[in-house]
Amino acid sequence: MSLRTSPTPGAARAAGPPSAVRYVEDVSPGSGSLPPRAWYASSDATSLSLNGSWRFRLSATADAQDESFAAAGYDAADWAEVAVPGHWVLQGHGSPVYTNHLYPFPVDPPRVPTENPTGDHLRVFDLPEDWPAPADGGAVLRFDGVESCARVWLNGTDIGEFKGSRLPHEFAVGHLLRPVGNVLAVRVHQWSAGSYLEDQDQWWLPGIFRDVTLLHRPAGSALDFFVHASYDHVTGEGTLRVDSDVDGRVTVPALDIDVATGEPVTVPVEPWSAETPRLYDGELATEGERIPLRVGFRTVALENGLIKVNGTAVLFKGVNRHEWHPVRGRALDLETMREDVLLMKRHNINAVRTSHYPPHPAFLDLCDEYGLWVIDECDLETHGFVEQDWRDNPVDDDRWTPALLDRAARMVERDKNHPSVVIWSLGNEAGTGRGLTAMAEWIHGRDTSRLVHYEGDLDCRDTDMYSRMYAFHDEVERIGRGLDGGTARRRRLPFILCEYGHAMGNGPGGLADYQRLFEAHERLQGGFVWEWIDHGIEDGRYGYAYGGDFGEELHDGNFVCDGLLFPDRTPSPGLVEFKKVIEPVRIGGDGADGTVRITNGHDFADLSSLAFEWSYQVDGESVGTGALDVPPLAPGESADVELPEPPVDARGAESWWTVRALLAADTAWAAKGHQVAWGQFAAAAARPRPAVVPARAPVAGDRLITLGPGAFDARTGALTSIGGVSVEGLRLDVWRAPTDNDDGAEWQSDTRYATLWRRLGLHRMRHRLDGVEVDDDALTVRTRVAPAAREAGLATMYRWTSDGSRLRLTVSVTPEGDWTLPLPRLGIRFGLAGADRVTWFGGGPGEAYPDTRAASMVGRWQSTVDDLQTPYVRPQENGARADVRWAEIGGLRVEGDPEFWFSARRWTNEQLDAARHRTDLVPGPTVWVNLDHGQHGIGSQSCGPGPLPRYFLNAGPAEFSFVFAETD
1416 MSLRTSPTPG AARAAGPPSA VRYVEDVSPG SGSLPPRAWY ASSDATSLSL NGSWRFRLSA
1476 TADAQDESFA AAGYDAADWA EVAVPGHWVL QGHGSPVYTN HLYPFPVDPP RVPTENPTGD
1536 HLRVFDLPED WPAPADGGAV LRFDGVESCA RVWLNGTDIG EFKGSRLPHE FAVGHLLRPV
1596 GNVLAVRVHQ WSAGSYLEDQ DQWWLPGIFR DVTLLHRPAG SALDFFVHAS YDHVTGEGTL
1656 RVDSDVDGRV TVPALDIDVA TGEPVTVPVE PWSAETPRLY DGELATEGER IPLRVGFRTV
1716 ALENGLIKVN GTAVLFKGVN RHEWHPVRGR ALDLETMRED VLLMKRHNIN AVRTSHYPPH
1776 PAFLDLCDEY GLWVIDECDL ETHGFVEQDW RDNPVDDDRW TPALLDRAAR MVERDKNHPS
1836 VVIWSLGNEA GTGRGLTAMA EWIHGRDTSR LVHYEGDLDC RDTDMYSRMY AFHDEVERIG
1896 RGLDGGTARR RRLPFILCEY GHAMGNGPGG LADYQRLFEA HERLQGGFVW EWIDHGIEDG
1956 RYGYAYGGDF GEELHDGNFV CDGLLFPDRT PSPGLVEFKK VIEPVRIGGD GADGTVRITN
2016 GHDFADLSSL AFEWSYQVDG ESVGTGALDV PPLAPGESAD VELPEPPVDA RGAESWWTVR
2076 ALLAADTAWA AKGHQVAWGQ FAAAAARPRP AVVPARAPVA GDRLITLGPG AFDARTGALT
2136 SIGGVSVEGL RLDVWRAPTD NDDGAEWQSD TRYATLWRRL GLHRMRHRLD GVEVDDDALT
2196 VRTRVAPAAR EAGLATMYRW TSDGSRLRLT VSVTPEGDWT LPLPRLGIRF GLAGADRVTW
2256 FGGGPGEAYP DTRAASMVGR WQSTVDDLQT PYVRPQENGA RADVRWAEIG GLRVEGDPEF
2316 WFSARRWTNE QLDAARHRTD LVPGPTVWVN LDHGQHGIGS QSCGPGPLPR YFLNAGPAEF
2376 SFVFAETD
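Mapped onto the numbering used here, the consecutive letters of the sequence shown carry residue numbers 1416 to 2383.
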């Protein structure tokens, strides 16, 4: 049975809004709408999309206009036009507002401000010529998503109002339709009582942002139906039963199924999983309608303290996904949704949490088709009440419980026929209370085939798993080992990190460390990185706008840009790193015994769909490739596979084996040859270190000192040129433009290093010259690098030698004073004029830092300076390449001893630090090059833990060298 809701009579008030708009502040879910039911993409019943251009009028308050616009014949010729689906604030009417958790209005539930932007929408439409006659059935008007409260009229008749922005609402309208000139009027209010339940971390964007559809309902058409398709992993059989409010028959031709609704049938089947998403095409036929079905057989169970599907414990390698498009906001088309799913599959992601509301229903069809585990989350968050210690929180107020149950029912009933949905989530960050318990009880009663999640239920009283967000690595390990404490019930439940790895700006760091924990402890069943995409709004002023760019009274800045994708859906380095960290095949070895170890990390699929190939690199260049014969290992199995003999004698050079796992044939989500996983290991001893035997003495002149190809200022000892290449400002550098993760979050009580770095003055270091010394084989420059007002400093010595054609610089750094902080970076920087192309041998092709380097592959790479940059929405440290042996740029070749981090950009680190948007960065004539001996880790402290201590760049004595030569 579907949950049928009705409005809750409001209590009498001494004062309030005018009666005509009192529904805006009514805590009930609405009035007039039909009971929720299952969504399906199509049937043989006629339908009419009402998407398109609508007339639009914006008012400043809810009661500024009367209802006359809903009547036939109203003249709206002077109104504006907006696209539906869409948000009016993204179409030139008002402005978007971003807050993380603060309500952008006074908290006085259920009251909302008098200033309540209200959009009147008008659509006049004719019925198609083939629309059935009234005697042949009725019609339903369906809204898939309206933010935040809507009142609807059809041909002058008030048919109802509703709240629940990301949920469907249907109205019976067959008796009101006319062949031509139908007037559909919708009044949408930005703020309503429902806004208190929708305080998700995202832009506040009013409008009709999902589809509006008119559905013919023939006599005898389907109402609600529930597809139950379980799988017995012991017998290999599936059991299908379709419960329907209207009797009919169910057919699945591939399984020879033809049964009445409500009748179970058991047959051998191939099960559905995210790795093997087998769907059977079927049909539900009632007297008046035929509905295509896509049936996936699978069983979800909580068994022995683990989440199991088809008898196997699953490991979630997931992301949190808000719906977002940089131009259309949350109004997504099917191809954008498909692009999201394909990108997830191609980056080894197997699960998605629909944070923090049910997605467009077509997205779940795609998850069924391509294979993704789904935590379907209810449209509920009351996070802003944390500011008043959760007083008056609606989820603990019985007056709001009907609205909460309505939201739960509309999610469950809409999405219950999707095999991809394995877990229902009550919502997010809504505190605790009786209303949540009521939701959990109703969901458990309605659907016993899935589990229930809610992170805020720390005692797991109402839920089937222990869920946390942003727990530190050490705590996650203790939970995995069963040492976390808590109630006895909680200790018996599986654990997931529903949010971790906050992907804001450069990062997240530490993903590989989390994954090692997930794979080491059975109880830890994975997690969901926060989040999928940056919510930047395309804006000519800034490139992409974020919180505060529209003059909001309250905002949370670029905290809305914390995704693995940039707003245009370009993968960030964080997504590339995540793909590597979670790859479903482990490839390892040390090259010493001529074998490589292959481990199948899938939960369900064997390796028969993959082809393996080897390549052999000498000094970063491939000198041989070939196929590698790997058996079709079952999930969890490993094999040691013999490598061929090296194709060349690489003695005296650095050589590597690289083994790749590639798709052996085209799939629905990627083409043949798509790389799923890779591993790399050294085949021979480490590279020979660059050596420069001093063979030239420095020659001192009046203005210059020359040493081999180098020229130096005689007074300061500063390098001015190498051969014909001018060099500017070479000196020690310890500053990086702080990342969002360096900055941390203002509410965090733990150490936020960017704040401390600035307090110490590392962004304004002074360079004192202590001496320039010329001896028989070296030029030595002694300096002290320190910030004003502090005793701490770095005694720095630059020692230059030459063999006649090359220059060797050895930098020795000794900390002085009381250093209590790690350094952002440690290395040198200098400027080059006219540099553009870059070639390097080292890690690539993308950026990497100490705790984000899993995806960095050793090889020989090429780029332009511009392409080295990672265009984070808020500019910050980026673009470093790790483990660089040598690099060539601007006519110079630089070799490192030891390997180094390399970066180059057309602005200084200080200019990068000062920028707030991409458009603030203006390329200059000089390319600034950083050669770093060390970098501090990244972490995910923008909303989580900072880097682990082993990734700290602690201040200590250091010595490192570079060899410079002019290129041909």
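Even for Gly, the Cβ is constructed at its ideal location relative to N, Cα and C. On a predicted model such as this, the values are computed, not experimentally measured, just so you know.
Item	Value
Taking the C-alpha atoms as reference points, what is the distance between residue 2189 and residue 2306?	27 angstroms
Thinking just about the alpha-carbon of each residue, which of 2109, 1848 and 1919 is nearest to the one in residue 2154?	1919
At least one CB of chain C closer than 8 angstroms to the CB of residue 1570: is that the case?	In the displayed structure, chain C is absent; only one protein chain is listed.
Relative to the C-alpha of residue 2215, which residue among 1945, 2013, 2134 and 2230 is closest?	2134
If you reduce the DSSP assignment to three classes, tell me which class residue 2363 lands in.	coil
Going by DSSP, what residue range makes up the alpha helix (DSSP H) through residue 1755?	1749 to 1761
Within the continuous beta strand (DSSP E) that includes residue 1564, where are the two ends?	1564 to 1569
Provide the residue(s) that pair with residue 2082 in DSSP beta bridges, ordered along the chain.	According to DSSP, residue 2082 bridges with nothing at all.
Could you check whether the Cβ of residue 1695 sits closer than 7 angstroms to any heavy atom belonging to the ligand FMN?	Absent from the structure shown: the ligand FMN. Ligands present: none.
Let me make sure I understand the geometry here. Which of 2366, 2303 and 2371 has the alpha-carbon closest to that of residue 2381?	2303
Thinking residue 1623 and residue 1601 are a contact (beta carbons under 8 angstroms), I'd like their distance in whole angstroms, please.	6 angstroms
Can you give the Cα-Cα distance for residue 1464 and residue 1563, rounded to whole angstroms?	22 angstroms
Report back the beta-carbon spacing between residue 2172 and residue 2236 to the nearest angstrom; my notes put them in contact at under 8 angstroms.	7 angstroms
Would you call the stretch 1955 to 1964 and the stretch 1927 to 1941 in contact, with 3 or more CB pairs under 8 angstroms?	no
Residue 2276 to residue 2256, Cα distance in whole Å?	6 angstroms
Can you find the residues in the same chain that come closer than 6 angstroms, C-beta to C-beta, to residue 1513, ignoring five residues on each side of it along the sequence?	1618, 1962, 1970 and 1975
Starting from the C-beta of residue 2323, find all residues in its chain whose C-beta is less than 7 angstroms away, skip the five residues before and the five after it, and write them out in chain order.	2343
Residue 1436 and residue 1481 - do their beta-carbons sit closer together than 8 angstroms?	no
Cα separation between residue 2194 and residue 1987?	43 angstroms
Helix, strand or coil for residue 2274? Go by DSSP, reduced to three states.	strand
CB residue 2010 to CB residue 2057, shorter than 8 angstroms?	yes
How big is the Cα-Cα spacing for residue 2246 and residue 2146?	10 angstroms
Over the uninterrupted alpha helix (DSSP H) stretch that includes residue 2310, give me the two end residues.	First-last for residue 2310: 2307 to 2320, but that is the beta strand (DSSP E), not the alpha helix (DSSP H).
Enumerated in chain order, which unbroken segments of the beta strand (DSSP E) with a length of 3 residues or greater are wholly contained in the stretch 1892 to 1972?	1910 to 1915, 1939 to 1944, 1952 to 1954 and 1958 to 1960
So, helix, strand or coil for residue 2071, using DSSP?	strand
In its own chain, which residues sit with a C-beta less than 7 angstroms from the C-beta of residue 2117, not counting the 5 before and 5 after it?	2129
Would you tell me roughly how many angstroms separate the C-alpha atoms of residue 1422 and residue 1441, rounded to the nearest one?	Note that residue 1422 has pLDDT 37, beneath the 50 cutoff, so the model's placement of it is unreliable and no number is given.
Can you name, in chain order, every residue of its own chain whose Cβ lies under 7 angstroms from the Cβ of residue 1515, other than the five neighbours on each side?	1616, 1971 and 1974
Counting only the same chain and skipping the five closest in sequence on each side, list residues whose C-beta sits under 8 angstroms from that of residue 2108.	2218
Using the beta-carbon count (16 or more within 10 Å), is residue 2366 buried or exposed?	buried
Rounded to the nearest angstrom, what separates residue 2115 and residue 2330 at their Cα positions?	42 angstroms
With a threshold of 16 other CB atoms inside 10 Å of the CB of residue 2361, please say whether the residue is buried or exposed.	buried
Three-state secondary structure (DSSP) at residue 2152?	coil
Unbroken beta strand (DSSP E) runs of length 3 or more, entirely within the stretch 1457 to 1523: which are they?	1462 to 1464, 1467 to 1476, 1495 to 1499 and 1512 to 1514
Can you name the residues that DSSP bridges to residue 1735?	1768
Within the continuous beta strand (DSSP E) that includes residue 1679, where are the two ends?	Residue 1679 -> no beta strand (DSSP E), and no H or E assigned at all.
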